[in-house]
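Student:
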Amino acid sequence: MYSVFRQLAEKWLRIPPEPEPPPGDEASARVFRAAPKFLQYLKVMWGITTGFSFLLALVPIGIIIAIFADDGSYKGEVVAALVGVEVLLLAVLSGHALFRLALVHLDYEKRWYLVTDRSLRIREGVATVREITFTFANIQNLSVTQGPIQRLLGIADLKVETAGGGSGASAQQHQTVGLNLHTAYFRGIDNAEELKGLIAARMRGHKDAGLGDRDDHHAPVQELPAASLSFNAALEEVLAEARALRQAAAKP
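With positions in the sequence shown counted from 1, the corresponding number in this note's numbering is that position plus 33.
1) Using a Cβ-Cβ cutoff of less than 7 Å, which residues in the same chain neighbour leucine 12 once the five nearest sequence positions on both sides are dropped?
2) Within the same chain, show all residues whose beta-carbon is closer than 7 Å to that of phenylalanine 167, passing over the 5 residues directly before and after it, in chain order.
3) Could you have a look at isoleucine 155 and say whether DSSP puts it in helix, strand or coil?
4) Hey, is glutamate 227's beta-carbon within less than 7 Å of any beta-carbon in chain C?
5) Spatial neighbours of proline 52 within its chain, please: CB distance less than 8 Å, with the 5 preceding and 5 following residues excluded, ordered by chain position.
6) Classify glutamate 51 as helix, strand or coil using the three-state DSSP reduction.
7) Give a yes or no on whether the C-beta atoms belonging to isoleucine 299 and phenylalanine 101 are separated by under 7 Å.
8) Identify which residue in Ala68, Ala67 and Leu139 has its Cα closest to the Cα of methionine 34.
9) Taking its Cβ as the centre, do 16 or more other Cβ atoms sit within 10 Å of glycine 67, making it buried, or is it exposed?
10) Using DSSP's beta-bridge definition, name the partner residues of tyrosine 218.
11) Please state if the CB of isoleucine 94 and the CB of glutamate 59 are separated by a distance shorter than 7 Å.
12) Between which two residues does the beta strand (DSSP E) harbouring arginine 63 extend?
13) Can you tell me whether DSSP reads arginine 184 as helix, strand or coil?
14) Just mark glutamine 173 as buried or exposed, buried being the case when its beta carbon has 16 or more other beta carbons within 10 Å.
15) Hey, quick one: how far does the alpha helix (DSSP H) through valine 37 stretch, first residue to last?
Dropping the structure here:
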């Protein structure tokens, strides 16, 4: 059943295939995926939100039905109609909940994290696919966040921030539309510290390479060719003669 839903969703939503590696050496490319327990985490959050939606929708109708049933002035048809409304609402909520559960599975499967020696790429989302690429030269901060349920499951999120994401009109505009182009997350991974160390090491390597090779600082000074030395010597002789003529002209 789910496989049919996945095929239809991929076709109707035009979900792209797995992403291409970001810029960098393809031999250095590493693919990371969300941990299996991240799917458990998503199901827990789905269960919490689904339970609240059922309570908010069905409990008030149940109370009204109980009141009408105790009041003899109302006919049984009214109570039956209210019960029918509640059953219909329960069916709609159940169908919606199952649809959201299928989306949770699909979101987990379509989540990709790729890292090369020069950059990283993150793709997430189903209905709205978000793919963002950061070069290590632009990354300014790495941080690991972990909520109570995540700690229980042994997973965490790695937050990656680049320059320009802290303030300014552009950042406020991105927050207004719910999109921040300067922040990305490796969500639901079980090796957050390891991945953080890998990215930090490649950031340091990139910055060291940007400052120039260490050998360049100690490269020997190249000697000037013989023609340049002869030309410089001739200029020095002309300068000396000019000084001598000026001193002779200055004598009374």
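Idealized CB from N, CA, C, for every residue including glycine.
Tutor: The structure says:
1) In this structure the chain extends from 34 to 285, so residue 12 is not present and cannot be described.
2) Excluding five sequence positions before and after phenylalanine 167, the CB atoms of its chain that fall closer than 7 Å to its own CB belong to Ser152, Leu153, Val193, Thr195 and Ala217, given in chain order.
3) Isoleucine 155 falls in the strand class under three-state DSSP.
4) Judged by its chain identifiers, the structure shown contains no chain C, having just a single protein chain.
5) So the qualifying residues of the chain are Trp145, Leu147, Arg154, Arg156 and Glu164.
6) Residue state, collapsed to three classes: coil.
7) No answer is possible for residue 299: it lies beyond the span of the chain, which begins at 34 and ends at 285.
8) It is Leu139 whose Cα lies nearest to the Cα of methionine 34.
9) At residue 67 the sequence reads alanine, which differs from the glycine that was named. Buried, since its Cβ has 16 or more Cβ neighbours within 10 Å.
10) Note: tyrosine 218 sits in a beta bridge opposite Lys192.
11) In this structure, the beta-carbon distance from glutamate 59 to isoleucine 94 does not fall below 7 Å.
12) 63-65 is the extent of the beta strand (DSSP E) around arginine 63.
13) The answer is helix: DSSP assigns arginine 184 an H, G or I state.
14) By the neighbour-count rule (16 or more Cβ atoms within 10 Å), glutamine 173 is not buried but exposed.
15) Where valine 37 is concerned, the enclosing alpha helix (DSSP H) stretches over 35-45.
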